[in-house]
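K.L.:
Each protein sequence line maps, in turn, to chains A and B. Heads up, the first sequence is in numbering that gives the first Met the number 0, so the first residue is 0 and it goes up one at a time. Heads up, the second sequence is in numbering that gives the first Met the number 0, so the first residue is 0 and it goes up one at a time. All C-beta atoms, glycine included, are put in the ideal place defined by N, C-alpha and C. Bear in mind the structure is a predicted one, so any value in this text is a computation, not a measurement.
2 protein chains.
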Amino acid sequence: MSKTIGVIIDFLNETYERQINEAAARCGYTVRYFPSSAAAVGNVDDCEILYGHCSKKVIASAKSLKWYCCCWAGVDHFCDDAIYCDPDCLLTNSAGAYGVTICEHLIMTCLMLLRRQMEYTEVIREGGWRVLPGGIRSLYGSRITVLGTGDIGTQFARRAHAFLPARIVGVRRSAKPGDPAFDEIRTITELDAVLPQTDLLVMALPSTAETAGVLSRERMALLPQGAYVVNVGRGTAVDQEALIDALNAGHLAGAALDVVVPEPLPADHPLRTAKNLLLTPHVAGNMTLGHTCTRNVEMFCEDLENYAAGRPLRHLVDRRKGY
Amino acid sequence: MSKTIGVIIDFLNETYERQINEAAARCGYTVRYFPSSAAAVGNVDDCEILYGHCSKKVIASAKSLKWYCCCWAGVDHFCDDAIYCDPDCLLTNSAGAYGVTICEHLIMTCLMLLRRQMEYTEVIREGGWRVLPGGIRSLYGSRITVLGTGDIGTQFARRAHAFLPARIVGVRRSAKPGDPAFDEIRTITELDAVLPQTDLLVMALPSTAETAGVLSRERMALLPQGAYVVNVGRGTAVDQEALIDALNAGHLAGAALDVVVPEPLPADHPLRTAKNLLLTPHVAGNMTLGHTCTRNVEMFCEDLENYAAGRPLRHLVDRRKGY
Numbered sequence: 000m001s002k003t004i005g006v007i008i009d010f011l012n013e014t015y016e017r018q019i020n021e022a023a024a025r026c027g028y029t030v031r032y033f034p035s036s037a038a039a040v041g042n043v044d045d046c047e048i049l050y051g052h053c054s055k056k057v058i059a060s061a062k063s064l065k066w067y068c069c070c071w072a073g074v075d076h077f078c079d080d081a082i083y084c085d086p087d088c089l090l091t092n093s094a095g096a097y098g099v100t101i102c103e104h105l106i107m108t109c110l111m112l113l114r115r116q117m118e119y120t121e122v123i124r125e126g127g128w129r130v131l132p133g134g135i136r137s138l139y140g141s142r143i144t145v146l147g148t149g150d151i152g153t154q155f156a157r158r159a160h161a162f163l164p165a166r167i168v169g170v171r172r173s174a175k176p177g178d179p180a181f182d183e184i185r186t187i188t189e190l191d192a193v194l195p196q197t198d199l200l201v202m203a204l205p206s207t208a209e210t211a212g213v214l215s216r217e218r219m220a221l222l223p224q225g226a227y228v229v230n231v232g233r234g235t236a237v238d239q240e241a242l243i244d245a246l247n248a249g250h251l252a253g254a255a256l257d258v259v260v261p262e263p264l265p266a267d268h269p270l271r272t273a274k275n276l277l278l279t280p281h282v283a284g285n286m287t288l289g290h291t292c293t294r295n296v297e298m299f300c301e302d303l304e305n306y307a308a309g310r311p312l313r314h315l316v317d318r319r320k321g322y
Numbered sequence: 000m001s002k003t004i005g006v007i008i009d010f011l012n013e014t015y016e017r018q019i020n021e022a023a024a025r026c027g028y029t030v031r032y033f034p035s036s037a038a039a040v041g042n043v044d045d046c047e048i049l050y051g052h053c054s055k056k057v058i059a060s061a062k063s064l065k066w067y068c069c070c071w072a073g074v075d076h077f078c079d080d081a082i083y084c085d086p087d088c089l090l091t092n093s094a095g096a097y098g099v100t101i102c103e104h105l106i107m108t109c110l111m112l113l114r115r116q117m118e119y120t121e122v123i124r125e126g127g128w129r130v131l132p133g134g135i136r137s138l139y140g141s142r143i144t145v146l147g148t149g150d151i152g153t154q155f156a157r158r159a160h161a162f163l164p165a166r167i168v169g170v171r172r173s174a175k176p177g178d179p180a181f182d183e184i185r186t187i188t189e190l191d192a193v194l195p196q197t198d199l200l201v202m203a204l205p206s207t208a209e210t211a212g213v214l215s216r217e218r219m220a221l222l223p224q225g226a227y228v229v230n231v232g233r234g235t236a237v238d239q240e241a242l243i244d245a246l247n248a249g250h251l252a253g254a255a256l257d258v259v260v261p262e263p264l265p266a267d268h269p270l271r272t273a274k275n276l277l278l279t280p281h282v283a284g285n286m287t288l289g290h291t292c293t294r295n296v297e298m299f300c301e302d303l304e305n306y307a308a309g310r311p312l313r314h315l316v317d318r319r320k321g322y
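Laid out in structure tokens, this is it:
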């Protein structure tokens, strides 16, 4: 079998290319770069490894593929064994590259909601200069629940911790101890008991069968009047119709969604006019921050050394679990 | 002399009234509440102490005044001895009540600038859903300079520290050691040497003769291409014309001003159309966060006990220095 790596990353630059080439050479591989998935389809027969944001079509056409290293953290589109020629093909993700950028997005959007920044943007836009009646709120003293205690949830909790919130609770599948930034770890089965004690619900979950619709209409009703919801995981986790109702009725004081269903969100979608909803176009974790790209390439090169040495891959995805 | 305290605070509620009354009773004072400065003028002859946001007119009319506790942090309008009947009248400010709310504003606006949130607001407003070319930046790895290492600058540095910036330098009058969140403390005389090493300049200075115009056109030019400026101190600290030029020419990548000259800012002022300028209407430290009001009243009651016991006042202002 030929020892070839196919790379499809749109953030390629000379530094990254040199890093990848050097790691590949150390491991006995040669690298072929493709400008896009479209250019790669039909041309990756010899690739034992693919790295980057490959389309399903590219992966399905890679007859020799033994390992696909996806440069995204969310790999829900790549968990079906049927898309691989070899059902034992390894899949790794790039969870760990996005914690820094997504947690900065999270802190920013939480503060924008609490401080009513969308309304203040309007005051300035209209040529005004005035204090809005009704007050603002702070991270300081807030009860924060983080749904998903992976890299993103943990990095967020560490930053939020410095703002001296009243309490940060992490909610995860198992009650294993989490980062010290969490005051407490609860399991997902206890979520209904945690929600009534939550001022700010931060959702950073992968898209799996288990997480779809996890913030249902019933659970939204368990949040206290005036709570906030922020989601950077997958749009499928939130009942969007219920969210629109909860915002417009004032049960929730605000929400921030970076992920929605569908994407791109149509210009006339009712989410766009929901009250106090801060929308961003799935940019919390995109590849426009240099640090994210650098970590992404580093993580691939580390796992390439593991792969070549026959060691376990650090970022291996359990396709049945979905992350 | 009668032992009377006059209180003019527009955030008064039953809890605060009870706290103030109890502290006053312990110290042998009675309290008179006024709904506004206008209502107080001519009616405060008997007040030995005034607390709140009093107009200069109220203070000038307070013939028995020995101590004015201003509920703002910035007291530049109250530093002229001539406004007091007794030139030895004590002045305290409420610096320390605003650190929490202003530092949350600072982190929010820094992240909004770095992540190009004003542009993303426009993308969504226009019904779009797309990633902007050109990339974003992060607090992570940024070189931050904090001009003013008082309560606000220190609280900001502590929060910013959790985002793992490359380096946080505090700049102050004296090189006394600062909070451990500062990697380094420099004196204001060294500012010109610090500016070229600054990605993000955060200004939290009181308004004094020394700080007026501190960010001059020449100093702005010392900042590296693509730097950001954020000001929450006083508008007088920044050469606004130079700032507009630096933004529109692209020398600065963005700026956020919560304080400007004049306030309120006219609807047709050129600051309103400067490129990548995030304006907020002097709300970083207003009294709409419950915590700020609570600290404000606590601080007055603490100093009232000090005053009655003949101990030094903790928040005493040196009127010649201006803070």
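Does the beta-carbon of Ile-137 of chain A have 16 or more other beta-carbons within 10 angstroms, so that it is buried, or is it exposed?
P.N.:
Locating residue 137 of chain A in the first sequence gives position 138, where the first residue counts as 1. The displayed chain sequence assigns Ser, not Ile, to residue 137 of chain A. Label assigned to Ser-137 of chain A: buried.
K.L.:
Does the beta carbon of Pro-263 of chain B come closer than 8 Å to any beta carbon on chain A?
P.N.:
For this step, residue 263 of chain B is matched to residue 264 along the second sequence. Yes, contact with chain A.
K.L.:
The beta strand (DSSP E) spanning Ala-254 of chain B covers which residue range?
P.N.:
Residue numbering aside, residue 254 of chain B sits at position 255 when the second sequence is read from its first letter. 251 to 256 is the span of the beta strand (DSSP E), which, as asked, contains Ala-254 of chain B.
K.L.:
With a Cβ-Cβ cutoff of 8 Å, do Glu-262 of chain A and Trp-128 of chain B count as a contact?
P.N.:
Position 263 of the first sequence, counting from 1, holds the residue named residue 262 of chain A. Position 129 of the second sequence, counting from 1, holds the residue named residue 128 of chain B. Cβ atoms of Glu-262 of chain A and Trp-128 of chain B: closer than 8 Å.
K.L.:
Would a C-beta distance cut-off of 8 Å place Tyr-227 of chain B and Leu-194 of chain B closer than the cut-off?
P.N.:
The count along the second sequence starts at 1 and reaches residue 227 of chain B at position 228. The count along the second sequence starts at 1 and reaches residue 194 of chain B at position 195. Not closer than 8 Å, so no.
K.L.:
Might you give, ordered along the chain, the residues of its own chain that have their beta carbon closer than 8 Å to the beta carbon of Ile-82 of chain B, omitting 5 neighbours on each side?
P.N.:
In the second sequence, counting from the first residue as 1, residue 82 of chain B sits at position 83. Once the five neighbours on either side are set aside, the close Cβ partners of Ile-82 of chain B are Lys-55, Ile-58 and Ala-59.
K.L.:
If Leu-256 of chain A sits next to Leu-276 of chain A, beta carbons under 8 Å apart, how far is it from one beta carbon to the other, in whole angstroms?
P.N.:
For the purposes of this step, residue 256 of chain A is taken as residue 257 along the first sequence, with counting starting at 1. For the purposes of this step, residue 276 of chain A is taken as residue 277 along the first sequence, with counting starting at 1. Yes, they are in contact, since the Cβ atoms of Leu-256 of chain A and Leu-276 of chain A sit about 7 Å apart, within 8 Å.
K.L.:
Assign Cys-102 of chain A to one of two classes, buried (16 or more other C-beta atoms within 10 Å of its C-beta) or exposed (fewer than that).
P.N.:
Numbered from 1 along the first sequence, position 103 holds the residue referred to as residue 102 of chain A. Counting Cβ neighbours within 10 Å, Cys-102 of chain A comes out buried, since at least 16 surround it.
K.L.:
What does DSSP give as the partner residue(s) for Gly-5 of chain B in the beta ladder?
P.N.:
Against the second sequence, residue 5 of chain B aligns to sequence position 6. Answer is B:Arg-31 and B:Leu-49.
K.L.:
Nearest-angstrom Cα distance between Val-30 of chain A and Ile-48 of chain A?
P.N.:
Position 31 of the first sequence, counted from the first residue, corresponds to residue 30 of chain A. Position 49 of the first sequence, counted from the first residue, corresponds to residue 48 of chain A. The straight-line gap from Cα to Cα measures roughly 9 Å.
K.L.:
Please report how far the alpha carbon of His-268 of chain B lies from the alpha carbon of Glu-121 of chain B, in whole angstroms.
P.N.:
Mapped onto the second sequence, residue 268 of chain B falls at position 269. Mapped onto the second sequence, residue 121 of chain B falls at position 122. Between His-268 of chain B and Glu-121 of chain B, the C-alpha separation is close to 21 Å.
K.L.:
Would you tell me roughly how many angstroms separate the C-alpha atoms of Pro-132 of chain B and Met-286 of chain A, rounded to the nearest one?
P.N.:
Taking the second sequence and counting its residues from 1, the one referred to as residue 132 of chain B is at position 133. Taking the first sequence and counting its residues from 1, the one referred to as residue 286 of chain A is at position 287. If you take the alpha carbons of Pro-132 of chain B and Met-286 of chain A, they lie about 11 Å apart.
K.L.:
Would you say Gly-126 of chain A lies against chain B (beta-carbon separation less than 8 Å)?
P.N.:
The sequence position of residue 126 of chain A within the first sequence is 127, counting from 1. Answer yes: the Cβ-Cβ gap between Gly-126 of chain A and chain B drops below 8 Å somewhere.
K.L.:
Roughly how far, in whole angstroms, is the beta-carbon of Tyr-15 of chain A from the beta-carbon of Cys-292 of chain A, given that I think they are within contact range, below 8 Å?
P.N.:
The residue you call residue 15 of chain A lines up with position 16 of the first sequence. The residue you call residue 292 of chain A lines up with position 293 of the first sequence. Rounded, the Cβ-Cβ distance is 7 Å, consistent with contact.
K.L.:
If we require 3 or more residues per run, which beta strand (DSSP E) segments fall completely within the region 119 to 188 of chain B?
P.N.:
Runs of the beta strand (DSSP E) inside the region 119 to 188 of chain B: 142 to 146, 166 to 171 and 183 to 186.
K.L.:
Run down chain B in chain order and give the residues with a C-beta less than 7 Å from the C-beta of Thr-287 of chain A.
P.N.:
Indexing the first sequence from 1 puts residue 287 of chain A at position 288. Ordered by position in chain B, the residues that pass the 7 Å Cβ test against Thr-287 of chain A are Val-130, Gly-134 and Ile-135.
K.L.:
Which residue comes first and which comes last in the alpha helix (DSSP H) that contains Leu-329 of chain A?
P.N.:
With chain A covering only 0 through 322, there is no way to say anything about residue 329 of chain A.
K.L.:
Taking its Cβ as the centre, do 16 or more other Cβ atoms sit within 10 Å of Thr-188 of chain A, making it buried, or is it exposed?
P.N.:
The count along the first sequence starts at 1 and reaches residue 188 of chain A at position 189. Answer is exposed; the Cβ neighbour count stays below 16.
K.L.:
For the alpha helix (DSSP H) holding Ala-22 of chain A, just list the boundary residues, first then last.
P.N.:
The residue you call residue 22 of chain A lines up with position 23 of the first sequence. Here the alpha helix (DSSP H) through Ala-22 of chain A covers 13 to 26.
K.L.:
Rounded to the nearest angstrom, how far is the Cβ of Arg-294 of chain B from that of Asn-305 of chain B, given a contact under 8 Å?
P.N.:
Walking along the second sequence from the start, residue 294 of chain B turns up at place 295. Walking along the second sequence from the start, residue 305 of chain B turns up at place 306. Incorrect: roughly 16 Å between the Cβ atoms, too far for contact.
K.L.:
Just to confirm my understanding: we take Met-298 of chain B, look at its own chain, exclude 5 residues before and 5 after, and list those with CB closer than 7 Å. What are they?
P.N.:
Position 299 of the second sequence, counting from 1, holds the residue named residue 298 of chain B. Once the five neighbours on either side are set aside, the close Cβ partners of Met-298 of chain B are Ser-93, Gly-95, Ala-96 and His-314.
K.L.:
Straight-line CA distance for Gly-232 of chain A to Ile-4 of chain A?
P.N.:
What you label residue 232 of chain A is simply residue 233 of the first sequence in a count that begins at 1. What you label residue 4 of chain A is simply residue 5 of the first sequence in a count that begins at 1. Taking the straight line joining both Cα atoms gives about 30 Å.
K.L.:
Over the uninterrupted alpha helix (DSSP H) stretch that includes Val-323 of chain B, give me the two end residues.
P.N.:
The structure shown does not extend to residue 323 of chain B, since chain B is modelled only from 0 through 322, so no value can be given for it.
K.L.:
In the DSSP assignment, find the beta strand (DSSP E) that holds Tyr-227 of chain A and state where it starts and stops.
P.N.:
Here residue 227 of chain A corresponds to residue number 228 of the first sequence, with the count starting at 1. 226 to 230 is the span of the beta strand (DSSP E), which, as asked, contains Tyr-227 of chain A.
K.L.:
For Leu-11 of chain A, which residues in the same chain have their Cβ closer than 7 Å to its Cβ, ignoring the five residues on either side in sequence?
P.N.:
Within the first sequence, residue 11 of chain A is the residue found at index 12, counting from 1. Closer than 7 Å at Cβ, skipping near neighbours: Tyr-32.
K.L.:
With H, G and I counted as helix, E and B as strand and the rest as coil, what does DSSP make of Cys-69 of chain B?
P.N.:
The residue you call residue 69 of chain B lines up with position 70 of the second sequence. Cys-69 of chain B: strand per DSSP, three-state reduction.
K.L.:
By a C-beta neighbour count over all protein chains shown, 10 Å radius and 16 as the cutoff for buried, is Cys-84 of chain B buried or exposed?
P.N.:
The residue you call residue 84 of chain B lines up with position 85 of the second sequence. Cys-84 of chain B should be labelled exposed.
K.L.:
Using a Cβ-Cβ cut-off of 7 Å (strictly less than) and excluding sequence neighbours within five positions of Cys-26 of chain B, which residues of its own chain qualify?
P.N.:
In the second sequence, the residue the question calls residue 26 of chain B occupies position 27. Leu-303, Glu-304 and Ala-307.
K.L.:
According to DSSP, simplified to helix, strand and coil, what is Thr-91 of chain A?
P.N.:
Stepping through the first sequence from its first residue, residue 91 of chain A is reached at position 92. Strand.
K.L.:
Examine chain B for any beta-carbon lying closer than 8 Å to the beta-carbon of Tyr-119 of chain A, and answer yes or no.
P.N.:
If you number the first sequence from 1, residue 119 of chain A lands on position 120. Chain B contact via Cβ: present.
K.L.:
Run the CB neighbour count on Gln-154 of chain B, radius 10 Å, all protein chains shown included, and call it buried at 16 or more, exposed below.
P.N.:
On the second sequence, position 155 is the one that residue 154 of chain B refers to. By the neighbour-count rule (16 or more Cβ atoms within 10 Å), Gln-154 of chain B is buried.
K.L.:
Do you know offhand how far Glu-209 of chain A's Cα is from Arg-271 of chain A's?
P.N.:
The count along the first sequence starts at 1 and reaches residue 209 of chain A at position 210. The count along the first sequence starts at 1 and reaches residue 271 of chain A at position 272. Taking the straight line joining both Cα atoms gives about 27 Å.
K.L.:
Going by alpha carbons, who is nearest to Pro-86 of chain A out of A:Val-145, A:Ala-61 and A:Gln-18?
P.N.:
As a position in the first sequence, residue 86 of chain A is number 87, starting the count at 1. With distances taken between Cα atoms, Pro-86 of chain A lies closest to A:Ala-61.
K.L.:
For Gln-239 of chain B, would you say it is in contact with chain A, using Cβ-to-Cβ distances shorter than 8 Å as the test?
P.N.:
Sequence index remark: in the second sequence, residue 239 of chain B carries index 240 (1-based). For Gln-239 of chain B, the answer is no, since every Cβ of chain A falls outside 8 Å of its Cβ.
K.L.:
Quick one, which of B:Cys-300, B:Ala-245, B:Arg-310 and B:Ala-165 has its alpha-carbon nearest Val-6 of chain B's?
P.N.:
For the purposes of this step, residue 6 of chain B is taken as residue 7 along the second sequence, with counting starting at 1. Comparing Cα-Cα distances from Val-6 of chain B to each of B:Cys-300, B:Ala-245, B:Arg-310 and B:Ala-165, the minimum goes to B:Cys-300.
K.L.:
Residues of chain A with a CB under 8 Å from the CB of His-160 of chain B: which are they?
P.N.:
Looking up residue 160 of chain B in the second sequence gives position 161. Within chain A, the residues near His-160 of chain B are Ala-161.
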